[in-house]
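**Q** I am attaching a structure below and will ask some questions about it afterwards.
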Amino acid sequence: MSNIYDYTCFILLLPLLTFLLPGLFGKKFPRISGILGTTSMLIVTVLAYLTAYHYFITDAPAEGYYWPYGSRWPYLVLAKFTWLRFNAALSLDMGIALDPLSVMMLVVVSTVSLMVHLYSTGYMKGEERYSTYFSFLSLFTFSMLGLVVASNIFQIYIFWELVGVSSFLLIGFYFDKPSAVAAAKKAFIVTRFADLGFLCGILILSFYSGSLDFRVIIERMSSSSSAFYSFAAGASFLGVSALTWALVLIFAGGAGKSAMFPLHIWLPDAMEGPTPVSALIHAATMVVAGVFLVARLFPVFCMSHAAMDVVAYTGAASALIAALIACTQTDIKRVLAYSTMSQIGYMMFSLGISGYGGEKGLGYSAALFHLFTHAMFKALLFLCAGAVIHAVHSNEIKDMGGLKKPMPFTSIAFFFACLAISGIPSLSGFYSKEEILTAAFHRNKIIFCTGLLTAGITSFYMFRLYFSIFWNNKNKSGIKTHMAASITIPLFILTVATIEAGHIPFGKYVSSDGLPLHSDTDIRLSAAAIIISGIGILTAAFLYLKERTLPGRISAKAGIVYRFIAGKLYIDELYLLITKKVVFNLISAPAAWVDRNIVDGGMNLLGAAAENVSETIRPVQSGKIRNYALWFLAGTILISLFLIYVIR
Amino acid sequence: MNPEYLLIISLVTIIAILASGSRIAGLLALAGTVVQLVFSAGLLFLYMAERNAGNASLLLFEHTYVWYPDWNITFHSGIDGISLSMILLTSVVLVSGVLVSWKTEYMKKEFFILLLLLGTGAYGFFLSSDLFSLFFFFELAVIPKYLLIAIWGSGRKEYSAMKLALMLMGGSALVLAGILSLYYYSCAAGNPSFDLQQLYTTPVPEQAQLYIFPLLFTGFAVLSALFPLHTWAPDGHSSAPTAASMFLAGISMKLGGYGCIRIAIYLFPAAAAFYSPYIIILACIGILYGAFVTLRQKDIKLMNAYSSVSHCGFVLLGAGMLTNTAMTGAVLQMVSHGIMTALFFGVIGMIYGRTHTRIGEELGGLLKVMPFIGSCFIIAGLTSLGLPGLSGFVAEMTIFVGAFQIGDVFHRIATVSAAMSIVVTAVYILRAIGISLWGPLKNEKFRESGDATWYERAASVILIASIISIGIYPFWMSDIISNTVSVLFTSNPLK
Amino acid sequence: MNEIPLHLVLFVSTTLFFTGAYGFLTRRNMITMLMAIELMLNSVNINFLAFNKYLFPGKAEGVFFTIFIITIAAAEASVAIAIIINLYRKFRTIDAENTDSLKF
């Protein structure tokens, strides 16, 4: 059964190779590294599609084959080896696991990565550290692919950290820019903080389930009759069961990586990296790792309502907050970053409200479907934004406008992507968002309303962006728009994907229980969503199609509310306050002082005491011979008396 | 196979350097340490072959030489998984230590002799299975450090050297008291011996265990920077010359951890269990406190010195947890930290040699002008903050998983609070990278300083290769160690 | 013959010893101090002889020791005088109060 997937191993090996080779020898052959990276990515993509083709179509037997975590196991583990053994029960086995989720992610990651590689060969041309860039890009691709095929929860953690560090290195790629350095540090530290939660979650989960292997964990934890489950659900700390603790902590890790509120602060700053990197890492792949993680452990998450609620409400809050903030941002990439956060919020709450199995599991399929379509259109948006930024040499919306004429192709691609994200029928985003809203409607009305509202705001800010960049009368003349083929081809392919990806019968392949899911759409719900989006688009058109003063006046009217939102809710400032004032000045500085003065002072005191004692008894050695004689005589007499009267 | 050839190789090298002029002293030292490295790599392969062949005895390649028959003092050598990994660590750090001090100018001959003497002490310590010879080598690995720091050091070198020597000597005094008490009980049992294996089965009254264990543990833990007794470390490390810092943090601190695990806990499992909560608390304080203090340091060498306190806290934490997994993790952490910190100190030495400052803010933008050194610094930093694929991750995770096997709230909280330090570690490491390597070039003078020379490159490459060989595929090393640990800490019926 | 009782002999030797001790502690001239030492040594000699004669009449160890001590005392005096001469060369004095550099 597994022989036909032998080639799948190369999906991981090739990016590793293209990380090492240019990394070590790239300086001598700078041009080659781009071509090498892109070619190997092409092969990887072909292999990923081949795997998906085999997995979903040719090898898929009858109904019920996709039963991921039950007795009929389509969860293939290829090339498993023991990487580290903690004890008899817990061992860290590296493996390549194929199940519907991971195969789907392989397709997404490799597609977007290939597009970005190709785009980068044009976009990064002439960079001094060109080969380093491609090396890091391959490192990222390798880690991300390793993450999605992980068969062991610790393996995920390993690759999770690796994607984190490659993101760090790529955000800080322009390392002589202080803002890039700060952004890279921030991204790493915030996600690292979240990963602490993830690590603790893994430790708790592995303790109660007695295994690190996903398959075993899920088998043991996802049935309420299992002894392991009752062990974990029975133990409690601070009134919350150990299982919920574990899941919430794991979700915290996911929330950090996926930039969920309130751990999202790194994502907008991460836009300091090169734009293709933002498209790959901070829009399409790495940031959805949190969604992937929850989906991976979905049967376990279903066992804890509290954890699911945390997931759902965090997702919904992030979706709404990010959408609101996006309306106020003026940096094109930051708008897109907040939009990413908002869309991931969608995926998250969709997972959070989903149940396990059958119709109840619609949210699960919908979330992953949205992940899939979002990867395509968001990557497209970023790559378009990259082309625009390349042309006008600025990230600010105010420096753009009227670019429809000089950049017609980019304009059309961007337009389709905006339509897709707004959920206009027949484009990919429509189908996935539709499913999410349907699922939410059936399971949780509050979240449904939030989702609907966010949909409207989404189409508003996306079209605000579109109109401000490409219409908005300001005619920016003198803009050179030479678009290399390496830039237009990815845009074209992604546009096609954006339009067509929605027609994939996604529920048939990926569903919570592995059984094909046929979702019915409720025409009234679709109509509501479309109308809300339409209102958003029309408002944006009214305000931004032509250059007007109205938006400025509205924001001035909104006053403090506007400033609060535009200031990103002042969460950054809050964190800064905590880190700078509390950690740095109230913990670290006193600790350093205590170390030098109290602890080390104590040691010095010991030394000083010894010195004092010796100073005190020093005069006995006066050098005066008669003193010595006197001591001697006195001593002799004392000893004689002692010998005579005490010892006898 | 005779592992004590390592000692002979060291001694021969020392004598050769003594006999030759100082012009070829470096060459001789390099040759000697490379031979030692090759020899210990060979030892590794032989060890693995022997284990694979099914030899399950605790010590392999045992040899006993009678030293002073009347008191039954012997030199009993032999290696197990823990000492093997420590010997490998020592040889790797020594080679790179010799390489980075290639251009020592002042009293070159004496410098290399003392460095090799330290190495001899470390090898002897790890090889000995007899407490008397072990103590002898322990002292041998402490005293030359005083000279190295006081003669070739920088800053307040005499003060630091004196403090280091006094505190470490204080530690060894405790150890000596512990060893002599043990000897007393072995005499009382009618079988006077300093031999570990024999002492293991010597009955010691419970009350006596409760005071001998702290003597031995604290004495060794001073070297491992146990919390209130760690202050020699920052001063000593920051004043020492590069190679001595590498040795000090890379190997000397490991003598302490090794002694704690292989001697104190091995001999007195019951007393260790009694004291384990205190050890854990002190270790946790050391970890967090070290990390927070590091956050404030402006001098990158001092930063690494304090971070060593934090990292060595993990060794003690793993040891204090007393589960086999955590103990394995502690040993892994010793190896990993040894290599990582040697690389760190080596790189900092290289930077200092070019820029003549160690204050992070006066550096800046160095990655542009010295890409190789900068990359090494980043790799060392990433190892320190526990990036997977590098050795630090493996060690820390093993400790955490091992610590989490104990299901009560106290151990949980201790583990989680120790784990919190990895975030703080990330903060100070990234700060250091951001300040000193990234950003715009601060000082135009650095532009001419040039990148690493061949010997610096060689030193870094050796260390990085070791970090990666453990990080990419840790199973071989963790397997060697955990096998020994599981033999060592099966319950002892007599105690 | 009317024997002198032992305690009288011991009385003489004790007096002699403490005279020497007093002299050693109070005199500042090193030659005088040396003479005081000789007094103390002689009192010891008397003790040895007296105990030998009165308590162990058949043995000769006391006499041997006395002869030893006399010899040693002679050697010691010569060494001491050599030291004193050297001291004098260095310090231009043989006053024990002023030659106190051998300390700490």
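Chains as they are written, first to last, in my numbering: chain A, 45 to 692; chain B, 98 to 592; chain C, 685 to 788. Backbone N, C-alpha and C fix where the C-beta goes; we use that ideal spot for every residue, glycine too.
Is the shortest distance between the beta-carbon of residue 681/A and the beta-carbons of chain C less than 8 angstroms?
**A** One-based indexing of the first sequence puts residue 681/A at position 637. No, because no Cβ of chain C sits closer than 8 angstroms to the Cβ of residue 681/A.
**Q** Are any of the Cβ atoms in chain A nearer than 8 angstroms to that of residue 752/C?
**A** Counting from 1 along the third sequence, the entry for residue 752/C is found at position 68. So no, residue 752/C is outside the interface.
**Q** What are the partner residues of residue 284/A, as DSSP defines its beta bridges?
**A** Position 240 of the first sequence holds residue 284/A. DSSP, once it has assigned bridges, lists 281/A as partnering residue 284/A.
**Q** CA-CA distance, residue 413/A and residue 476/A?
**A** Along the first sequence, one-based indexing puts residue 413/A at 369. Along the first sequence, one-based indexing puts residue 476/A at 432. For residue 413/A and residue 476/A, the distance between alpha carbons rounds to 6 angstroms.
**Q** Residue 149/B CB to nearest chain A CB: under 8 angstroms?
**A** Along the second sequence, read from residue 1 onward, the residue named residue 149/B stands at position 52. No, its Cβ sits nowhere closer than 8 angstroms to a Cβ of chain A.
**Q** Taking the continuous beta strand (DSSP E) assigned at residue 164/B, which residues delimit it?
**A** Taking the first residue of the second sequence as 1, we reach residue 164/B at position 67. That run of the beta strand (DSSP E) goes 157-165.
**Q** Between the C-alpha atoms of residue 556/A and residue 165/A, what's the straight-line distance to the nearest angstrom?
**A** Here residue 556/A refers to the residue found at position 512 when the first sequence is read from its first residue. Here residue 165/A refers to the residue found at position 121 when the first sequence is read from its first residue. Straight-line Cα distance between these residues: approximately 39 angstroms.
**Q** Based on Cα-Cα distance, which residue from 351/B, 362/B, 552/B, 363/B lies nearest to residue 435/B?
**A** Residue 435/B sits at position 338 when you count from the first residue of the second sequence. For the residues 351/B, 362/B, 552/B, 363/B, the minimum Cα distance to residue 435/B belongs to 351/B.
**Q** DSSP three-state label for residue 434/B, please.
**A** Mapped onto the second sequence, residue 434/B falls at position 337. Residue 434/B: helix per DSSP, three-state reduction.
**Q** Rank 310/A, 586/A, 373/A by C-alpha distance to the C-alpha of residue 616/A and give the top, closest one.
**A** Translated into positions along the first sequence, residue 616/A becomes position 572. Comparing Cα-Cα distances from residue 616/A to each of 310/A, 586/A, 373/A, the minimum goes to 310/A.
**Q** Compute the distance between the beta-carbons of residue 278/B and residue 299/B, then report whether it is under 8 angstroms.
**A** Working through the second sequence from its first residue, we reach residue 278/B at position 181. Working through the second sequence from its first residue, we reach residue 299/B at position 202. Not in contact: residue 278/B and residue 299/B (Cβ atoms no closer than 8 angstroms).
**Q** Say whether chain C places a C-beta atom closer than 8 angstroms to the C-beta of residue 687/A.
**A** Indexing the first sequence from 1 puts residue 687/A at position 643. It does not; no Cβ of chain C falls within 8 angstroms.
**Q** Do residue 454/B and residue 130/A have their CB atoms nearer than 8 angstroms?
**A** Taking the first residue of the second sequence as position 1, residue 454/B is located at position 357. Taking the first residue of the first sequence as position 1, residue 130/A is located at position 86. The answer is no: Cβ separation not under 8 angstroms.
**Q** Does the beta-carbon of residue 587/B have 16 or more other beta-carbons within 10 angstroms, so that it is buried, or is it exposed?
**A** Here the question's residue 587/B lines up with position 490 in the second sequence. It counts as exposed.
**Q** Work out the CA separation of residue 262/B and residue 356/B for me, nearest whole Å.
**A** For the purposes of this step, residue 356/B is taken as the residue at position 259 of the second sequence. For the purposes of this step, residue 262/B is taken as the residue at position 165 of the second sequence. For residue 356/B and residue 262/B, the distance between alpha carbons rounds to 18 angstroms.
**Q** Which one of 447/B, 535/B, 315/B, 136/B has the shortest CA to CA distance from residue 275/B?
**A** Within the second sequence, the letter at position 178 stands for residue 275/B. It is 315/B whose Cα lies nearest to the Cα of residue 275/B.
**Q** With DSSP run on the structure shown, which of helix, strand or coil describes residue 176/B?
**A** Counting from one through the second sequence, the residue named residue 176/B turns up at place 79. It is a strand residue.
**Q** For chain A, is any of its Cβ atoms less than 8 angstroms away from the one on residue 258/B?
**A** If you number the second sequence from 1, residue 258/B lands on position 161. No, its Cβ sits nowhere closer than 8 angstroms to a Cβ of chain A.
**Q** Using the DSSP secondary-structure output, state which residues sit across from residue 171/B in a beta bridge.
**A** Sequence index remark: in the second sequence, residue 171/B carries index 74 (1-based). BP columns for residue 171/B point to 163/B.
**Q** Looking at residue 380/A: is its Cβ nearer than 8 angstroms to the Cβ of residue 425/A?
**A** Position 336 of the first sequence holds residue 380/A. Position 381 of the first sequence holds residue 425/A. Yes. Within cutoff.
**Q** Am I right that residue 253/A and residue 272/A are in contact with their C-beta atoms under 8 angstroms? What's the rounded C-beta distance?
**A** Position 209 of the first sequence, counted from the first residue, corresponds to residue 253/A. Position 228 of the first sequence, counted from the first residue, corresponds to residue 272/A. Between residue 272/A and residue 253/A the Cβ distance is about 5 angstroms, and since that is below 8 angstroms, they are a contact.
**Q** Which chain B residues sit within Cβ distance under 7 angstroms of residue 318/A?
**A** Residue 318/A sits at position 274 when you count from the first residue of the first sequence. Within 7 angstroms Cβ-Cβ: nothing; residue 318/A doesn't reach chain B, min ~16 angstroms.
**Q** I'd like to know whether the C-beta of residue 694/C is nearer than 8 angstroms to at least one C-beta of chain F.
**A** Given the protein chain composition of this structure (A, B and C), no chain F is represented.
**Q** Among 574/B, 303/B, 147/B, 516/B, whose alpha-carbon lies nearest the alpha-carbon of residue 241/A?
**A** Along the first sequence, read from residue 1 onward, the residue named residue 241/A stands at position 197. Looking at the Cα atoms, 516/B is the closest of the given residues.
**Q** Look at the alpha carbon of residue 279/A and the alpha carbon of residue 513/A, and state the distance between them as a whole number of angstroms.
**A** Locating residue 279/A in the first sequence gives position 235, where the first residue counts as 1. Locating residue 513/A in the first sequence gives position 469, where the first residue counts as 1. C-alpha separation (whole angstroms): 56 angstroms.
**Q** Under 8 angstroms between the Cβ atoms of residue 287/A and residue 250/A?
**A** Here the question's residue 287/A lines up with position 243 in the first sequence. Here the question's residue 250/A lines up with position 206 in the first sequence. Cβ distance not < 8 angstroms, so residue 287/A and residue 250/A don't count as in contact.
**Q** If you reduce the DSSP assignment to three classes, tell me which class residue 202/B lands in.
**A** Within the second sequence, the letter at position 105 stands for residue 202/B. Looking at residue 202/B - three-state DSSP - the assignment turns out to be coil, as it is neither helix nor strand.
**Q** So, does the CB of residue 666/A fall closer than 8 angstroms to a CB anywhere in chain C?
**A** As a working note, residue 666/A is residue 622 in the first sequence. Interface residue, yes.
**Q** Going by beta carbon distance, what residues of the same chain come within less than 8 angstroms of residue 703/A, once the five residues before and after it are set aside?
**A** Since the first and last residues shown for chain A are 45 and 692, residue 703/A lies out of range.
**Q** Just reading off the alpha helix (DSSP H) that residue 135/A is part of, what are its end residues?
**A** Locating residue 135/A in the first sequence gives position 91, where the first residue counts as 1. Per DSSP, residue 135/A belongs to no alpha helix (DSSP H); it is in the beta strand (DSSP E), 135-142.
**Q** Which residues of chain C have a Cβ atom closer than 7 angstroms to the Cβ of residue 669/A, listed in chain order?
**A** As a working note, residue 669/A is residue 625 in the first sequence. The contacting residues are 780.
**Q** Determine which residues share a DSSP beta bridge with residue 128/A and list them.
**A** Position 84 of the first sequence holds residue 128/A. Residue 128/A pairs with 136/A.
**Q** Here's the rule: buried if 16 or more other CB atoms are within 10 angstroms of the residue's CB, otherwise exposed. What is residue 308/B?
**A** Start at 1 with the first residue of the second sequence, and residue 308/B comes out as number 211. It counts as exposed.
**Q** Cβ atoms of residue 205/B and residue 119/B: under 8 angstroms apart, would you say?
**A** Residue 119/B sits at position 22 when you count from the first residue of the second sequence. Residue 205/B sits at position 108 when you count from the first residue of the second sequence. The answer is yes: Cβ separation under 8 angstroms.
**Q** Could you tell me which chain C residues have their CB closer than 9 angstroms to the CB of residue 673/A, listed as they occur along the chain?
**A** Here residue 673/A refers to the residue found at position 629 of the first sequence. Those within 9 angstroms of residue 673/A in chain C are 705, 708, 709, 717.
**Q** Please confirm if residue 697/C has its CB atom under 8 angstroms from at least one CB of chain A.
**A** Mapped onto the third sequence, residue 697/C falls at position 13. No, its Cβ sits nowhere closer than 8 angstroms to a Cβ of chain A.
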